[in-house]
Amino acid sequence: MNDRREQPEANPPQEREPEWKRQQRLAEIFGDVLPSVTSDERDDAPPTKDDSAADQWLKAQVPPHHG
47 MNDRREQPEA NPPQEREPEW KRQQRLAEIF GDVLPSVTSD ERDDAPPTKD DSAADQWLKA
107 QVPPHHG
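For the sequence shown, the numbering used here begins at 47 and goes up steadily by one.
So, in structure tokens, the structure goes:
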């Protein structure tokens with residue numbers, strides 16, 4: 047007779063930590079060293095009055111790593 051009872055696993059699978067909790071834990075250890083939005087994601091420089099529409103368009107097309 048095969049009388050196997052279900053036994054709890056020795057190492058149950060751990061639930062994944064929520065992202066906000068992970069970020070909070072990392073900030074406690076390392077501090078908040080990285081901004082959530084980097085400078086290449088922001089449009090800090092407003093267009094000047096001297097820029098033509100073509101110049102504004104051209105400057106808007108420059109990839110972040112070029113300028």
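Glycine is no exception: its CB is placed at the ideal position from the N, C-alpha and C atoms.
Query raised in the report: Distance, Cα to Cα, Lys105 vs Asp90?
Result: 13 Å
**Report entry** Opening and closing residue of the alpha helix (DSSP H) in which Arg62 lies
**Finding:** First-last for Arg62: undefined, no H or E at that position.
Query raised in the report: Which one of Ser98, Glu87, Glu63 and Ala99 has the shortest CA to CA distance from Gln109?
Result: Residue identity check: residue 109 is Pro in the sequence provided, not Gln. Closest by alpha carbon: Glu87.
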